[in-house]
Each structure stands twice: as C-alpha cells, then as structure tokens.
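Asker: Residue numbers (the numbering used here), protein chains in the order written: chain U, 1 to 226; chain X, 227 to 474.
Glycine included, every Cβ here is placed at the ideal spot set by N, Cα and C.
Computed from a predicted model, the values in this text were never measured in an experiment.
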Amino acid sequence: MHSNSKNMDTMVLHKGEVFEHVFVNEQVNLHIEQETGSKVKVVVVNVSIDPRGTRDTRNSIFIDQLGEGCETEIYAMAYLHGEERVTTETHVLHAIGGGSSNQLIKFVLDDNAQGHFIGDLKIAQDAQQTEAHQTNRNLLLSDTAEMRTQPQLEIYADDVKATHGASTGQLDESALFYMQQRGIDKQKARQLLVGAFMREVLDKIPNALIPDSLTPLLNAIDGVVE
Amino acid sequence: MSKLLEIINLHASIGGKEILKGVNLVINEGEVHAIMGPNGAGKSTLSAVLTGNPAYEVTQGEVYLRGENLLAMAPEVRARAGVFLSFQYPVEIPGVSMTNFMRTALNAKRAYEGKEALSAKEFLALMREKKRLLELPDKLNNRSVNEGFSGGEKKKNEIFQMAMLEPCLSILDETDSGLDIDALRIVAEGVNRLKTPHNASIVITHYQRLLDYIVPDFVHVLADGRIVKTGDKTLALELEEHGYDGIA
Chain U
1 MHSNSKNMDT MVLHKGEVFE HVFVNEQVNL HIEQETGSKV KVVVVNVSID
51 PRGTRDTRNS IFIDQLGEGC ETEIYAMAYL HGEERVTTET HVLHAIGGGS
101 SNQLIKFVLD DNAQGHFIGD LKIAQDAQQT EAHQTNRNLL LSDTAEMRTQ
151 PQLEIYADDV KATHGASTGQ LDESALFYMQ QRGIDKQKAR QLLVGAFMRE
201 VLDKIPNALI PDSLTPLLNA IDGVVE
Chain X
227 MSKLLEIINL HASIGGKEIL KGVNLVINEG EVHAIMGPNG AGKSTLSAVL
277 TGNPAYEVTQ GEVYLRGENL LAMAPEVRAR AGVFLSFQYP VEIPGVSMTN
327 FMRTALNAKR AYEGKEALSA KEFLALMREK KRLLELPDKL NNRSVNEGFS
377 GGEKKKNEIF QMAMLEPCLS ILDETDSGLD IDALRIVAEG VNRLKTPHNA
427 SIVITHYQRL LDYIVPDFVH VLADGRIVKT GDKTLALELE EHGYDGIA
C-alpha cells in the first residue's frame with residue numbers, strides 16, 4: 001500500500017490490543033496494522049535547544065486500520081533551534097469503517113530551524129462512518145525559521161466525518177503586550193506563550209509514560225512560573 | 227497632595243498619523259479623572275502611550291510618574307512601577323492559567339519593590355480574597371487567561387487583576403462598554419473599594435453612565451488629540467445632554 005514503508009518492520013495489533021508509546025528525540029520508524037477494535041496512541045517529541053544543533057531527523061509513521069472500530073491517536077511536537085531539521089510524516093489509512101483517527105502535530109521553530117509535516121490521510125470507499133481529524137499548528141520564533149506543510153487527504157467514502165487544518169504563525173503580539181502590562185518581562189512572556197503552545201501536545205502523554213528525558217523540558221515550561 | 231502623573235505637551239502617532247496633538251494633564255494622588263470625548267479623539271491612544279504599547283510612537287512631549295521619566299521605561303517596568311491598564315478588549319491567552327499568569331506578574335512586581343515572592347499558599351489566599359471583591363467564581367484559577375470569558379467576566383477579571391497588583395495609577399479604558407447594569411455595579415464597586423488617598427485613576431469613557439458609579443473629581447474633554455475643556459462632574463452631565471459638538 002505504501003511503497004516507501006517496505007523497509008520497516010510491520011507490527012500487527014490483534015483484535016482489541018492497545019499500543020501506547022512516547023518517543024523522545026528518536027527517529028521514529030513505525031508501521032502498524034490495526035485489527036478490529038485495536039488502539040494506537042503515539043506521542044513524538046523532538047526537542048533541541050542547542051543553537052548549534054544540526055541534526056536532520058525524519059519521523060515516519062504508517063498506520064493501516066484494517067479492522068472495524070479501530071482508534072488511532074498521533075501527537076507530535078518539535079521544538080527546534082539552530083540548524084535542526086525535523087520531518088514528520090504520517091500516513092493513516094482507514095480501510096474499514098467505524099474507526100477514528102486524531103492527529104495533532106505542532107512545530108516551534110527558532111533560529112534557522114526547519115520543520116516539515118507531511119500528513120497523508122486516506123479513507124477508503126469501504127470505510128464508512130470513519131471519524132478522522134488532522135491538525136497541524138506551527139509557531140515561528142524567528143524570521144529565518146522555515147515550515148513546510150503538506151496535508152494530503154483522499155476520501156472515497158461518503159458517510160464520514162473528517163476535518164483538517166494547518167496554520168503557521170508567530171507569537172501573538174497583543175498577548176505579549178498584555179502580559180508586559182501586568183509586569184511580566186517580554187522574555188518570560190514569550191516563554192509562557194511557547195510553553196502553553198507545547199503543553200497541548202505534552203498533556204497528551206499519560207502520566208505513567210512520561211519519560212525521564214522529558215522532565216527537564218516539562219520543568220522548564222513549569223519553571224517559568226516558579 | 228503630591229503629584230503622581232504629569233503629562234506635558236504629549237504628541238503621538240500610529241502608522242505616521244498623528245493622534246495626540248499636545249496633551250497636558252496633571253494628576254495628583256487621591257484623584258479620579260474622567261476623560262471623555264467622541265470616537266477617534268485619541269482616548270485609547272492616550273492609554274496605549276502611557277503604558278508603552280509599541281504600536282504607537284511618541285513624537286514629542288514628556289510624561290513623569292512621581293518625577294520619573296515614564297516614557298523611558300519598558301512597558302513591564304511601567305507596570306511594576308504602578309501603572310495599570312484595564313484593557314478595553316482584554317486579550318485571551320490560551321494555555322496560560324490565571325494562577326500562573328497572576329503569580330508571575332505579582333512576583334515580578336514584588337521583586338521590583340524589593341519584596342520576597344509570595345509562597346503558593348499566601349498567593350492563593352490573596353487570590354481568594356480579591357476574587358470575592360469582584361464576585362468571581364473559584365474555578366477562575368485554572369482557566370486560561372480570558373479564554374472563553376463573557377464580556378462581563380473579562381471586565382471583572384481586569385479589575386480583579388487591578389486588585390491583585392494594587393497600582394498607583396489605574397487607567398480604565400471603556401471599562402463600562404459591554405457591561406450590563408449588574409456587572410457595571412460590581413466593577414464600579416470594586417474600583418471604588420480599591421481607592422486610597424495615595425492612588426489615582428483615569429477613567430476613559432464615552433458615556434456618563436459609569437460616572438454615576440465612579441464619581442470623578444475632574445472631567446476632561448478630549449477632542450482631536452487635545453484636552454479642550456476641563457470641569458467637575460457636572461461637565462459629564464452637560465455632555466450627556468448637549469453632546470460633544472457644543473464643547474469642541
């Protein structure tokens with residue numbers, strides 16, 4: 001089905017099985033076939049605060065819903081500085097109906113960082129009563145950061161609920177001024193806004209699955225108010 | 227009675243268009259000044275310039291807060307020094323809770339004054355006390371700043387923040403707009419209770435209605451970027467009856 005997924009190990013989730021995983025600063029290569037009623041929840045976090053960072057990371061997530069009533073949740077966030085690049089591609093196929101997928105993909109890009117999101121969502125003709133949502137939100141913190149977004153939706157069934165949205169913007173100047181008017185310096189106001197933006201993805205991580213490697217980032221977000 | 231704010235020949239523009247064309251005003255401690263005027267006269271520009279909104283450029287004039295050059299201060303320093311603006315359109319900040327926002331702001335001000343930061347417990351107790359003043363619900367703490375608030379809640383939330391920060395100079399920009407009579411009463415009572423002999427307020431309003439509740443010592447008419455008339459509270463009633471055309 002997906003030609004460029006052939007080099008990946010394919011994981012099969014049998015009836016009713018659940019796969020939950022949090023990836024932090026890894027290059028994700030995932031291909032999952034979901035059978036009836038199985039659930040997938042993956043959270044992908046890429047963080048590089050090093051202004052000299054030069055890594056180029058590619059996250060590839062392929063999900064095939066092959067049985068009825070499957071659930072898929074994909075949440076990804078990249079916070080990049082320096083020359084870092086992250087490409088996150090998601091390929092979600094609803095082959096059979098009654099399933100759902102929910103994707104929230106966010107990038108925060110500073111310095112010369114580059115982000116690329118490819119969101120490929122296909123709802124086959126037999127996949128009636130599918131509910132699929134794909135959202136991509138990006139924040140550019142410098143004039144030289146760059147974001148590319150390529151949502152690709154193919155919908156062949158007629159009784160489905162599908163939404164997608166993509167936006168790229170900068171920090172809200174009016175919110176920054178509002179906070180400054182209450183005595184919060186601009187740097188701290190920026191931190192609060194960036195933290196709030198990222199928190200929407202980080203909050204999707206089940207408490208029991210918060211990896212140690214994320215603790216410094218979470219503390220940094222919380223720390224601005226301590 | 228000591229001088230709190232002194233505005234001397236203030237000129238300001240936005241996008242190259244001059245809005246304020248020579249404003250002069252002295253405000254002493256303990257005073258309430260109302261600024262009235264037709265739309266486009268420069269009322270909101272004056273509040274934006276006094277608080278350091280970067281969208282506006284001061285082209286001429288001076289402003290002193292207790293003798294210090296206000297215009298040389300960054301917006302956050304002006305706030306810490308005690309200048310507070312109740313925004314006409316309070317900004318929604320999704321994802322930043324009222325508690326975190328207020329605690330960051332209050333502790334920044336306390337650091338500026340050389341005071342220690344409040345502990346979480348002290349801070350929450352203070353929030354509780356000040357919320358009662360504005361009849362705000364407890365659930366406020368965990369809500370994002372202004373997000374999903376009704377018009378009335380947003381204005382109450384502004385006065386709540388004023389109660390928390392105890393500014394020496396409060397600028398209320400069209401605080402009455404969009405308020406029903408009950409919310410107006412609560413907001414006005416809040417403002418009145420925060421009045422001390424050492425602070426002062428500038429009440430910017432289009433209508434006389436708010437001034438029934440917050441009684442000004444002085445009423446100024448701002449028209450075409452200048453204060454064209456100053457009087458006592460009876461001036462507001464006169465304006466209500468005859469409109470601005472008879473004045474400017």
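Count the other C-beta atoms from every protein chain shown that fall within 10 angstroms of the C-beta of residue 346(X), then say buried if there are 16 or more, exposed otherwise.
Answerer: Classification of residue 346(X): exposed, given that the 10 Å Cβ count is below 16.
Asker: Comparing the C-beta of residue 199(U) with each C-beta of chain X, is any distance below 8 Å?
Answerer: By this cut-off, residue 199(U) is an interface position.
Asker: Suppose contacts are defined by Cβ-Cβ distances below 8 Å. Is residue 323(X) in contact with residue 369(X) by that definition?
Answerer: Closer than 8 Å, so yes.
Asker: Determine, for residue 447(X), whether the minimum Cβ-Cβ distance to residues of chain U falls below 8 Å.
Answerer: False, the Cβ-Cβ gap to chain U never drops below 8 Å.
Asker: When burial is assigned at 16 or more other CB atoms within 10 Å of the CB, is residue 31(U) buried or exposed?
Answerer: By the neighbour-count rule (16 or more Cβ atoms within 10 Å), residue 31(U) is buried.
Asker: Quick one: complete alpha helix (DSSP H) runs, 4+ long, within the region 264-301 of chain X?
Answerer: Within the region 264-301 of chain X, the complete alpha helix (DSSP H) runs of at least 4 residues are 269-277.
Asker: In its own chain, which residues sit with a C-beta less than 6 Å from the C-beta of residue 3(U), not counting the 5 before and 5 after it?
Answerer: In this predicted model, residue 3(U) has a pLDDT of only 40, less than 50, meaning its place in the structure is not dependable; the value taken from the coordinates is given anyway. No residues qualify anywhere along the chain.
Asker: Taking contact to mean 3 or more Cβ pairs, one atom from each stretch, closer than 8 Å, check whether the region 251-271 of chain X and the region 133-145 of chain U are in contact.
Answerer: Counting Cβ pairs under 8 Å, fewer than three are found: no touch.
Asker: Tell me whether residue 295(X) is buried or exposed, calling it buried when 16 or more other Cβ atoms sit within 10 Å of its Cβ.
Answerer: Flag for residue 295(X) reads exposed.
Asker: Can residue 310(U) and residue 58(U) be called in contact, C-beta distance under 8 Å?
Answerer: As shown, chain U starts at 1 and ends at 226. That puts residue 310(U) outside it, with no answer to give.
Asker: By Cβ distance below 7 Å, which residues in the same chain neighbour residue 79(U) in space, the five residues on each side in sequence not counted?
Answerer: Excluding sequence neighbours, residue 79(U) sits near 47, 108, 198.
Asker: Alpha carbon to alpha carbon, how far is residue 87(U) from residue 116(U)?
Answerer: Cα to Cα, residue 87(U) sits roughly 5 Å from residue 116(U).
Asker: Buried or exposed: which applies to residue 172(X), given that a residue is buried once 16 or more other Cβ atoms fall within 10 Å of its Cβ?
Answerer: The structure shown does not extend to residue 172(X), since chain X is modelled only from 227 through 474, so no value can be given for it.
Asker: For residue 430(X) and residue 245(X), what's the separation of their Cα atoms in angstroms?
Answerer: About 16 Å.
Asker: Within the 8 Å Cβ cut-off, does residue 311(X) reach chain U?
Answerer: Yes, its Cβ sits closer than 8 Å to a Cβ of chain U.
Asker: Is there a C-beta anywhere in chain U that falls below 8 Å from the one on residue 359(X)?
Answerer: Not one chain U Cβ lies under 8 Å of residue 359(X).
Asker: Tell me, which residues are paired with residue 33(U) by DSSP?
Answerer: Residue 33(U) is bridged to 12(U), 64(U).
Asker: For residue 289(X), which residues in the same chain have their Cβ closer than 6 Å to its Cβ, ignoring the five residues on either side in sequence?
Answerer: So the list reads 233, 296, 297, once near-sequence residues are dropped.
Asker: Please name the residue, chosen from 18(U), 17(U), 44(U), 21(U), that lies closest to residue 27(U) on a Cα-to-Cα basis.
Answerer: Considering only alpha carbons, the answer is 44(U).
Asker: In this structure, does DSSP put residue 160(U) in helix, strand or coil?
Answerer: Three-state DSSP puts residue 160(U) in coil, outside helix and strand.
Asker: So for residue 224(U), helix, strand or coil by DSSP?
Answerer: Below a pLDDT of 50, predicted positions are generally treated as unreliable, and residue 224(U), at 39, falls in that range; the measurement from the model is reported next regardless. Correct three-state label for residue 224(U): coil.
Asker: Anything in the region 94-106 of chain U with a Cβ closer than 8 Å to a Cβ of chain X? List those residues in chain order, please.
Answerer: Correct list: empty, as no residue qualifies.
Asker: I need the DSSP call for residue 93(U), collapsed to helix, strand or coil.
Answerer: Correct three-state label for residue 93(U): strand.
Asker: List the residues of chain U whose Cβ lies closer than 7 Å to the Cβ of residue 277(X), in chain order.
Answerer: Simply 181.
Asker: Between which two residues does the alpha helix (DSSP H) holding residue 341(X) run?
Answerer: Residue 341(X) -> no alpha helix (DSSP H), and no H or E assigned at all.
Asker: In whole angstroms, what is the alpha-carbon distance linking residue 229(X) and residue 266(X)?
Answerer: Roughly 29 Å separates the two Cα atoms.
Asker: Out of 465(X), 469(X), 453(X), which one is the CA nearest neighbour of residue 249(X)?
Answerer: Measuring from the Cα of residue 249(X), the nearest candidate turns out to be 453(X).
Asker: On a Cα-Cα basis, can you pick out the residue from 62(U), 13(U), 136(U), 22(U) that is closest to residue 207(U)?
Answerer: Out of 62(U), 13(U), 136(U), 22(U), 22(U) has the C-alpha closest to the C-alpha of residue 207(U).
Asker: Are the beta-carbon atoms belonging to residue 180(U) and residue 305(X) less than 8 Å from one another?
Answerer: For residue 180(U) and residue 305(X), yes; Cβs fall inside 8 Å.
Asker: Taking Cβ-Cβ distances shorter than 7 Å, what residues in chain X pair up with residue 15(U)?
Answerer: Chain X residues near residue 15(U): none, gap ~38 Å exceeds 7 Å.
Asker: Is the closest heavy atom of the ligand ATP to the C-beta of residue 335(X) under 7 Å?
Answerer: As far as ligands go, the structure on display features none, and thus does not contain the ligand ATP.
Asker: List in chain order: all unbroken beta strand (DSSP E) runs of 3+ residues lying wholly within the region 314-370 of chain X.
Answerer: List check, beta strand (DSSP E) in window: 319-323.
Asker: By the criterion of Cβ-Cβ separation under 8 Å, what are the contact partners of residue 306(X) in chain U?
Answerer: Under the 8 Å cutoff, chain U gives 183.
Asker: Taking DSSP's pairing of strands, which residues face residue 181(U) in a bridge?
Answerer: Beta-bridge pairing links residue 181(U) to no other residue.
Asker: Three or more C-beta pairs closer than 8 Å, one from the region 327-341 of chain X and one from the region 402-420 of chain X: is that the case here?
Answerer: The region 327-341 of chain X, when compared against the region 402-420 of chain X, does not touch it at the 8 Å Cβ threshold.
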